[in-house]
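Encoded as structure tokens, the structure appears first; notes follow it.
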Amino acid sequence: MDIPDGKLIAAEDGGIATSRGSVAAARRGALSYAAVATLLLLAGLAVFHFQTPGGNTPPPPHCQITAHAQSELYPGYLHAGCANLTGDVARWHADCFLPGVSEWHPEGNVFVRLPDPAECAVATSEEWVIAGWRKRFVQLAPHQAFDLPAADQRHVLMYKLLRGSVLNVDTNGVQHADGSWETYPTTVPFGVKSIKIDRGVEKITAGSRGAVFAYYVVSHSTLQTVLKHGDMQNLSSPVYNISGPLSHLLQWRMFGTYECCKQYDGLPWWNLPGYFVQDHNLNRVVYIQLWTMEEGMDTGDYHDHSDEQGKHEFGELHAHMYTGTGLDGLQALLPSTVYTNSKPMPSSVRNDTYVVNGTHSTGWINWHDADDSVQLGIAIPAGYVHGPLWLIRSDGYPVMGGCNQSSGRRYIKYPMHRNLVGRLGPGAVMHRPPRLQMLIAFEHPKEHCWVPPSLLAQDNSIMKNAYVQSRDELGKYC
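Numbered according to this note's numbering, the sequence shown terminates at residue 511, and the numbering increases by one at each position without gaps.
Printed below as a string of structure tokens:
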């Protein structure tokens with residue numbers, strides 16, 4: 034039996050697979066399959082246990098991407114006076130926790146630390162499974178490559194770039210004069226792009242500044258799974274398929290049970306914290322958390338992240354894992370536009386309760402008042418991520434708000450936006466029982482929110498005015 038063209042590696046399901054490459058040397062040596070198997074048995078089959086999913090050579094111990102409990106690295110508060118404050122909300126606003134953690138879950142996160150890329154060409158983490166999605170973190174030094182496994186009809190490979198750039202993985206970036214494509218953490222504003230990797234791609238190669246990405250392996254059957262009402266209460270449902278390092282910290286919690294957010298108590302809305310990724314200098318690369326929401330629920334209120342200031346600021350990008358309807362996604366007000374048919378908020382719903390499944394529920398509603406901007410709905414299918422909603426300068430960097438405040442209290446400027454979970458309003462539920470949406474929120478610090486200017490509408494086009502108006506031109510922001 035011939036060995037296929039590829040290195041022997043550990044397959045995604047734990048068996049033997051091959052990665053695209055060359056084993057011409059093995060063939061020239063005329064080793065039979067039985068001989069190879071004998072050698073592997075004599076070696077204790079260690080090769081299958083220690084190679085990464087892509088068949089890459091196992092990194093030396095100092096090149097491992099490591100996971101740590103937050104309490105291990107940052108026990109207690111950052112300032113002595115924090116213990117005298119009442120509640121974690123007050124402490125979060127007083128900068129008692131590491132900047133970048135969420136207000137509702139400032140403690141108990143998983144910290145992921147990257148090695149120095151100058152000493153590690155390729156570094157990978159251990160594997161997690163979150164709601165059936167298998168995930169590793171990968172860091173590449175400049176121009177280094179992460180080999181992908183051979184085509185597998187059962188699985189879909191995906192990646193979400195967190196920092197740097199990659200070459201010739203997809204066409205969702207910038208095409209250079211030599212025909213090559215370079216992809217960045219962001220994509221076209223107010224748009225979506227697939228995070229799936231085409232079967233013809235054999236490796237992920239970093240650009241000149243290296244790359245950090247989350248690498249996912251998901252079965253086709255998982256992608257076709259529909260989550261529905263009751264799954265969050267069923268411990269055997271896919272949402273509780275969670276394993277990996279420190280997985281006891283990765284637990285679903287109803288959003289309304291957090292101290293900050295009691296107004297949502299009882300609503301079908303769940304949060305799973307949280308990966309805080311740091312580079313070798315302990316700088317924040319990204320904070321990642323997951324959300325699950327039930328169809329027909331108005332998850333909120335319009336918001337613009339102006340309360341995430343200074344070192345807490347971030348630009349968020351959502352990637353969907355499971356969708357309940359074709360309408361799941363985001364809704365945003367478009368800057369510098371006017372919707373001529375806009376009507377004021379009806380007095381009958383002003384200061385009224387939340388709408389859940391077409392009926393009133395406990396809590397309150399924060400309907401964005403007195404704004405006549407055009408509103409855009411952005412549908413995000415499973416395996417896709419949306420582009421920036423924040424305002425962007427002509428050089429591709431985020432527009433910052435809070436100019437009249439100290440530089441430590443400025444924030445990335447957003448239009449008002451909110452989640453969409455199916456249709457909203459009376460009779461909003463499209464399915465019985467209602468379905469669930471699950472998404473990954475990637476919260477990037479501003480230095481990783483750059484959008485290549487060539488992806489922006491140029492000159493005086495209508496798209497520029499409607500989508501990516503630089504408010505610097507208006508003198509309103511900084």
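Idealized CB from N, CA, C, for every residue including glycine.
None of these values were measured; they are calculated from a predicted model.
Proximity winner among the options, relative to residue i (alpha-carbon distances)
{"i": "Q4", "options": "A164, L181, L195 and V162", "result": "Nothing in the structure corresponds to residue 4, since the chain is present only between 34 and 511."}
{"i": "M463", "options": "T356, G224, M449 and Y417", "result": "T356"}
{"i": "W324", "options": "Y110, V202, V245 and M265", "result": "M265"}
{"i": "Q97", "options": "E159, N117 and Q322", "result": "E159"}
{"i": "H253", "options": "G197, K229 and W303", "result": "K229"}
{"i": "R443", "options": "Q408, L409, R232 and G343", "result": "G343"}
{"i": "L489", "options": "L472, L424, V234 and H450", "result": "L424"}
{"i": "K226", "options": "V272, V202 and G141", "result": "V202"}
{"i": "L422", "options": "E235, P306 and W483", "result": "W483"}
{"i": "V319", "options": "L472, I163 and H481", "result": "H481"}
{"i": "H338", "options": "E328, G133 and P93", "result": "G133"}
{"i": "H93", "options": "Q311, V155 and V245", "result": "Correcting the residue type first, residue 93 is Pro in the shown sequence and not His. Nearest of Q311, V155 and V245 to P93, Cα basis: V155."}
{"i": "V418", "options": "A183, D185 and K193", "result": "K193"}
{"i": "G277", "options": "L300, W161 and V245", "result": "W161"}
{"i": "E327", "options": "F309, Q103, L300 and G307", "result": "L300"}
{"i": "P306", "options": "E105, L118 and S135", "result": "S135"}
{"i": "Q177", "options": "P150, D185, I163 and R187", "result": "P150"}
{"i": "T238", "options": "P182, S198, Y335 and V310", "result": "S198"}
{"i": "R242", "options": "K236, E235, P218 and G109", "result": "P218"}
{"i": "Y308", "options": "L118, I163 and P148", "result": "I163"}
Span of the alpha helix (DSSP H), counted from its first residue to its last, around residue i
{"i": "S427", "result": "Element bounds for S427: n/a, residue is neither H nor E."}
Rounded C-alpha distance that separates residue i from residue j
{"i": "R169", "j": "D405", "result": "43 Å"}
{"i": "Y107", "j": "T157", "result": "23 Å"}
{"i": "R426", "j": "F475", "result": "21 Å"}
{"i": "G289", "j": "V432", "result": "32 Å"}
{"i": "G240", "j": "G263", "result": "45 Å"}
{"i": "T255", "j": "S270", "result": "12 Å"}
{"i": "R286", "j": "W214", "result": "40 Å"}
{"i": "R451", "j": "E152", "result": "42 Å"}
{"i": "G429", "j": "G224", "result": "16 Å"}
{"i": "G165", "j": "N274", "result": "6 Å"}
{"i": "A247", "j": "V221", "result": "20 Å"}
{"i": "F179", "j": "P486", "result": "28 Å"}
{"i": "P368", "j": "T204", "result": "28 Å"}
{"i": "F130", "j": "Y249", "result": "30 Å"}
{"i": "H351", "j": "A116", "result": "34 Å"}
{"i": "N314", "j": "D121", "result": "27 Å"}
{"i": "Q296", "j": "V454", "result": "19 Å"}
{"i": "Q257", "j": "A127", "result": "44 Å"}
{"i": "H101", "j": "T370", "result": "46 Å"}
{"i": "R124", "j": "A412", "result": "36 Å"}
{"i": "V56", "j": "G206", "result": "The predicted position of V56 is uncertain, since its pLDDT is 32 and thus under 50; a value taken from the coordinates is nonetheless stated next. Roughly 33 Å between the two C-alpha positions."}
{"i": "L472", "j": "H138", "result": "17 Å"}
{"i": "D211", "j": "L200", "result": "12 Å"}
{"i": "G233", "j": "H188", "result": "14 Å"}
{"i": "L360", "j": "L260", "result": "15 Å"}
{"i": "N498", "j": "M354", "result": "Low confidence applies to N498: its pLDDT is 43, below 50, so where it sits in the model is not reliable, and the reading given next is rough at best. Approximately 32 Å between the Cα atoms of the pair."}
{"i": "L283", "j": "N142", "result": "8 Å"}
Segment limits, beta strand (DSSP E) that includes residue i
{"i": "H138", "result": "From DSSP, H138 is part of no beta strand (DSSP E); its letter is neither H nor E."}
{"i": "H313", "result": "Note, H313: premise wrong, no beta strand (DSSP E); not H, not E."}
{"i": "A100", "result": "T99 to A102"}
{"i": "T255", "result": "Where T255 is concerned, there is no enclosing beta strand (DSSP E), although the alpha helix (DSSP H) it sits in stretches over H253 to L256."}
{"i": "W125", "result": "From DSSP, W125 is part of no beta strand (DSSP E) but of the alpha helix (DSSP H) over D121 to H126."}
{"i": "K226", "result": "V225 to S227"}
{"i": "M471", "result": "L469 to H477"}
{"i": "M354", "result": "G348 to Y355"}
{"i": "G451", "result": "One point to set straight first is that residue 451 is Arg, not Gly, in the sequence displayed. Its beta strand (DSSP E) spans residues H450 to L453."}
{"i": "H419", "result": "Y417 to H419"}
{"i": "V365", "result": "Per the sequence shown, the amino acid found at residue 365 is Ala instead of Val. Start and end: G362 to L366."}
{"i": "Q408", "result": "Q408 to A412"}
{"i": "R146", "result": "V143 to R146"}
Where residue i falls, given that 16 or more other Cβ within 10 Å makes a residue buried
{"i": "L72", "result": "Its pLDDT being 38, under 50, L72 is placed unreliably in this model, and the value from its coordinates should be taken loosely. Under this definition L72 is an exposed residue."}
{"i": "H316", "result": "One point to set straight first is that residue 316 is Asn, not His, in the sequence displayed. Label assigned to N316: exposed."}
{"i": "A415", "result": "buried"}
{"i": "K446", "result": "buried"}
{"i": "Q470", "result": "buried"}
{"i": "Y372", "result": "exposed"}
{"i": "P466", "result": "exposed"}
{"i": "L111", "result": "exposed"}
{"i": "A24", "result": "Residue 24 lies beyond the stretch modelled for the chain, which goes from 34 to 511, so this question has no answer here."}
{"i": "Q408", "result": "buried"}
{"i": "H345", "result": "buried"}
{"i": "N267", "result": "exposed"}
{"i": "G114", "result": "exposed"}
Cβ of residue i within 8 Å of any chain C Cβ
{"i": "V462", "result": "Absent here is chain C; the protein component of the structure consists of one chain."}
Secondary structure, beta strand (DSSP E): runs of 3+ residues fully inside the stretch 172-207: 178-180 and 188-200
Length-filtered (4 minimum) alpha helix (DSSP H) runs lying within the stretch 236-299: 253-256
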